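2 protein chains.
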Amino acid sequence: MARLVQKFGGTSVGDVDRIKNVARRVKREVEAGNQVAVVVSAMSGVTNQLVDYVREISRLHDAREYDTVVASGEQVTSGLLALALQAIDVPARSFLGWQIPLRTDGVHGRARIEEIGTEAIERRLNDGQVAVIAGFQGVTADNRITTLGRGGSDTSAVALAAALNADRCDIYTDVEGVYTCDPRIVTRARKLDRITYEEMLEMASQGAKVLQTRSVAMAMRHRVRVQVLSSFEDKPGTLVVDEDEIVEQQVVSGIAYSRDEAKITLTGLADRPGIAASIFGPLAASDINVDMIVQNVSGGGGTTDLTFTVAKSDLDRTVARLEEIRKDVGFSGIVPDPDVVKVSVIGVGMRSHAGIASKMFEALASRGINIQVISTSEIKVSVLIAEEYAELALRTLHTAYGLDQV
Amino acid sequence: MARLVQKFGGTSVGDVDRIKNVARRVKREVEAGNQVAVVVSAMSGVTNQLVDYVREISRLHDAREYDTVVASGEQVTSGLLALALQAIDVPARSFLGWQIPLRTDGVHGRARIEEIGTEAIERRLNDGQVAVIAGFQGVTADNRITTLGRGGSDTSAVALAAALNADRCDIYTDVEGVYTCDPRIVTRARKLDRITYEEMLEMASQGAKVLQTRSVAMAMRHRVRVQVLSSFEDKPGTLVVDEDEIVEQQVVSGIAYSRDEAKITLTGLADRPGIAASIFGPLAASDINVDMIVQNVSGGGGTTDLTFTVAKSDLDRTVARLEEIRKDVGFSGIVPDPDVVKVSVIGVGMRSHAGIASKMFEALASRGINIQVISTSEIKVSVLIAEEYAELALRTLHTAYGLDQV
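Top to bottom, those sequences are chains Y and S.
Mapped onto our numbering, the consecutive letters of the first sequence carry residue numbers 11 to 416.
Mapped onto our numbering, the consecutive letters of the second sequence carry residue numbers 11 to 416.
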């Protein structure tokens, strides 16, 4: 007997028939003798509708009321799935965040989980019942509803799996697992059977949308075995596990990309100590996250160029902030460029293998693709290139690292 | 300074613009120096959609999960109205049933209110804030969400007005108040400025849909001054008050009708003591409510006829139950007739005025309308007639009792 947490996303519970389908899938695990807790998202489209209502009423809304409104979507699905389970003779009950209770801090709209009361859920599981948990939501110490941020149901599921000491956390979604690259672009992409937490974390934070970064970080911290699999097909997905559970590690496991960043170059910058801090300090204070940074070698006349990337959605705000500090800091030009894509090659094997980065640079050069910015970590190499080369670069790299399906 | 409870129904909060409109209306009361608690229903159509989801999944549903699902509609509206108030600089916060807490018994789907914690709301009101309360919902002692039955937001509002010792409970709806008769049928119907609790209770239970019977009974018990008024027009509505607040009482205040009843006649019934109990006992045990009853004078041969009415929605079930007991009880025929309407003339003045009933019978006879069943109470005379005469009967009686608008 195992204890499982299953999580179903918005498309998996998109209508009544799909909810019934989910119930049958849950039943199969119950009949196999497992204890099952299920975490559900809102029916697809519902959360967006609720967010639209809030925005129509007020741009600068009270995040506590926002949370009260949008958390209702998961409430509906949890009740409906409990009913669908009962209808096929699986005893079940729904749990809302405040009923568990799943305690969070008071940062409404993107609250962090502080503590999960497991007593009520454990009692149900030990009774052979299925606990159906409304994802994405929690409750503060003063009994206000909070939400964990978009995609927060993944985080709910992993946190619950950790709190319940579950043997596995199955994240059901609309893809079959984690791929070596986005299969909509690279048709030869392969589904990975296993991937390490570290790689999954890089994949998620470098643009792969299959799992929320935060939920992967939590899984890694608590060593929760996570499986990503399709709710529409009946086959095993990708297991996210400890490195030592993977016998034969690939050097490169996957290639991620992100179109969500924009590049900014500051020209004619005084080349003096503390200049970087005088720029990135004000940006950080304005809650603007900077990702890649490269400072060019100083040209003549004591000036240099500085290039960095920010979220595309922050571009206008960033340029405005830079204009404000231009005089004080002293630079001659601000050159924004939203037409870039970040491509990242990821693999824990990099730690022990040399030449991964140079293979990347050579492969891109062979296609005439210019690299604008480079950043690396222990298990990742990222480059920024012109957006028009995105697909070509991904296919080229996929082949170069021997990832193509045979 | 007065303390008010305002309740807005589903059509009044049917979309974002209407919610903003409600916010402006609430603001006006706040600016007039009043303390305001607002009770809201779900946006029109939402509750029906949620109920449909539940029914698609399971006909025999767990009422606890049903409540979890359908209560979400009021949750959304309460959050949105709080936001709309804040957007026009009125401090406000939402309260869900469990946050108040509004404690109910465990009869899910039609729970009864047991206790209302007023401390948190009072604190907000005394702070000059508006408390926006999700109507229709409560919470059991073991923290499950309950609902009060359809139209339960009226009950929430009146109960809250009683608990908060409010000076008035304003029920905003899509009509301008309580009319002498349904103005869609009787064009000369007049809006009443005042009506007594007793009359309003009879009006509601005899078919007038403007207020839920249960909320009127509660208002009467706790002497809550209730006003029914339009959320789309800006004029006073109808005040439901104690009899001694009405200086010049009409003999007849209004005429109600209900198409929701069906007639059943049992023929060839043995005319012996205990025969009625042998029929109505089993029906009551099957949760079938019987309204009007008339037993005809015994014919020859020791047999008689018995006529009574039940809710139209219970007709098939009633006939089936009667078939089961036909042999034991002993009657020859079951004659169901759904094509009837119950017309009721209501007024506290009847207590001191004779001739009200006979005027009714004469007026109907003058139009050739046959009366099938009669029942009376201290302040009401009801008759059952063929449905095809409904409109004619209402107009005739409205004129006969001098209720027509001049």
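All C-beta atoms in this analysis are idealised placements derived from N, C-alpha and C, irrespective of residue type, glycine included.
As the structure is a computational prediction, the values presented were derived from the model and not from experiment.
Unbroken beta strand (DSSP E) runs of length 3 or more, entirely within the segment 140-225 of chain Y: which are they?
-> If we require 3 residues or more, the beta strand (DSSP E) runs fully inside the segment 140-225 of chain Y come out as 140-144, 147-149, 155-157, 178-183, 204-206.
Please report how far the alpha carbon of S/Y207 lies from the alpha carbon of S/S387, in whole angstroms.
-> Approximately 15 Å between the Cα atoms of the pair.
Drop a sphere of 10 angstroms on the beta-carbon of S/E333, count the other beta-carbons inside from all chains shown, and report buried for 16 or more, exposed for fewer.
-> So S/E333 counts as exposed.
Quick one: residues in its chain with C-beta nearer than 7 Å to the C-beta of S/F318, no 5 flanking neighbours on either side, listed in chain order?
-> Within the same chain, S/F318 has close Cβ partners I274, V300, M302, I303.
So is Y/G265 buried or exposed if we call it buried at 16+ other beta carbons inside 10 Å?
-> In the sequence under discussion, the amino acid at residue 265 of chain Y is Ile, which differs from the Gly named in the question. That one is buried.
Exposed or buried, which one is S/E363 when buried takes at least 16 other CB atoms within 10 Å?
-> What sits at residue 363 of chain S in the sequence shown is His, not Glu. Label assigned to S/H363: exposed.
Which whole-angstrom value is the C-beta distance of Y/D164 and Y/L14, which I expect to be below 8 Å?
-> The Cβ separation is near 15 Å, so there is no contact.
Cβ neighbours of S/D338 in the same chain (closer than 8 Å, five flanking residues each side left out) | The residues are S288.
Spell out whether any CB of chain S is found under 8 Å from the CB atom of Y/A94.
-> Interface annotation, Y/A94: in contact with chain S, CB-CB separation under 8 Å.
Starting from S/L394, trace the beta strand (DSSP E) both ways and give me its first and last residue.
-> First-last of the beta strand (DSSP E) with S/L394: 390-396.
Would you decide whether Y/Q16 is buried or exposed? Buried here means 16 or more other CB atoms lie within 10 Å of its CB.
-> Y/Q16 comes out buried.
Return the CA-CA distance between Y/G107 and Y/G127, expressed in angstroms with no decimal places.
-> Cα-Cα distance, rounded: 10 Å.
Give a yes or no on contact between the segment 360-377 of chain S and the segment 198-212 of chain S, applying the rule of three or more CB pairs nearer than 8 Å.
-> No, the segment 360-377 of chain S is not in contact with the segment 198-212 of chain S.
Looking at the unbroken beta strand (DSSP E) that takes in Y/P346, where does it start and where does it end?
-> Taken as a continuous stretch (DSSP letters only), the beta strand (DSSP E) holding Y/P346 covers 343-347.
For chain Y, is any of its Cβ atoms less than 8 Å away from the one on S/T78?
-> So, interface residue.
Hey, out of S/Q260, S/L158, S/A97, whose CA is closest to S/L202's CA?
-> When the alpha-carbon of S/L202 is set against those of S/Q260, S/L158, S/A97, the nearest one is in S/Q260.
Using a cut-off of 7 Å between C-beta atoms, extract the partners of S/V238 located in chain Y.
-> Simply none; closest approach about 27 Å.
What residue from S/E209, S/E132, S/T157, S/L158 has the CA that sits closest to S/A176's CA?
-> For S/A176, the nearest C-alpha among the options comes from S/E132.
Pick from Y/G359, Y/G365, Y/I381 that is closest to Y/V350, judged by C-alpha positions = Nearest neighbour of Y/V350 by Cα position, chosen from Y/G359, Y/G365, Y/I381, turns out to be Y/I381.
For S/A229 versus S/Q222, is the C-beta distance shorter than 8 Å?
-> No; because the gap between Cβ atoms is not below 8 Å, this pair is not in contact.
Inter-residue Cα distance where the pair is S/R282 and S/A294 | Between the alpha carbons of S/R282 and S/A294 lies a distance of about 20 Å.
Which residues in the same chain as Y/P292 place their Cβ atom closer than 7 Å to its Cβ, once the five residues preceding and following it in sequence are excluded?
-> Taken in chain order, the residues that qualify are R331, I335.
Distance, Cα to Cα, S/D254 vs S/A144?
-> So the alpha carbons of these two residues sit roughly 33 Å apart.
Cβ shell of S/A321 (< 7 Å), same chain only, five flanking positions each side left out | Around S/A321: D270, E271, N299.
Taking only runs of the beta strand (DSSP E) that begin and end inside the segment 317-388 of chain S, which ones reach a length of at least 3 residues, in chain order?
-> Within the segment 317-388 of chain S, the complete beta strand (DSSP E) runs of at least 3 residues are 343-347, 350-356, 383-387.
Can you give the beta carbon distance from Y/V185 to Y/V220, rounded, assuming they're within the 8 Å contact cut?
-> Your pair Y/V185 and Y/V220 checks out as a contact, with CB atoms roughly 6 Å apart and the cut at 8 Å.
Look at the Cβ atom of Y/L93, then the Cβ atom of S/V64, and state whether they are nearer than 8 Å.
-> With respect to S/V64, Y/L93 sits close: the two C-beta atoms are nearer than 8 Å.
Span of the alpha helix (DSSP H) around Y/S82 = For Y/S82, the enclosing alpha helix (DSSP H) begins and ends at 82-97.
Could you tell me if the beta carbon of Y/I131 falls within a distance shorter than 7 Å of some heavy atom in the ligand COA?
-> Summarising the ligand content, the structure contains no ligands, and the ligand COA is consequently not present.
By how many angstroms is the C-alpha of Y/S323 removed from the C-alpha of Y/Y411?
-> The straight-line gap from Cα to Cα measures roughly 32 Å.
May I ask you to list the residues that DSSP assigns as paired with S/V48?
-> Beta-bridge pairing links S/V48 to S/Q16, S/V142.
Got a sec? Which residues, its chain only, sit under 6 Å from S/H118 by beta carbon, not counting five neighbours each side?
-> Cβ within range, chain order: A73, R74, D77, T156.
Cβ atoms of Y/V393 and Y/M370: under 8 Å apart, would you say?
-> The beta carbons of Y/M370 and Y/V393 sit closer together than 8 Å.
Beta-carbon neighbours of S/L374, restricted to chain Y and to distances below 7 Å | Proximity of chain Y to S/L374 at the Cβ level (cut-off 7 Å) is not reached, the minimal Cβ distance being about 49 Å.
Using the beta-carbon of each residue, which ones in chain Y are nearer than 7 Å to S/V86?
-> Residues of chain Y passing the Cβ test: L60, V79, S82.
Check Y/Q259 in the structure and name its three-state DSSP category.
-> Three-state result, Y/Q259: coil.
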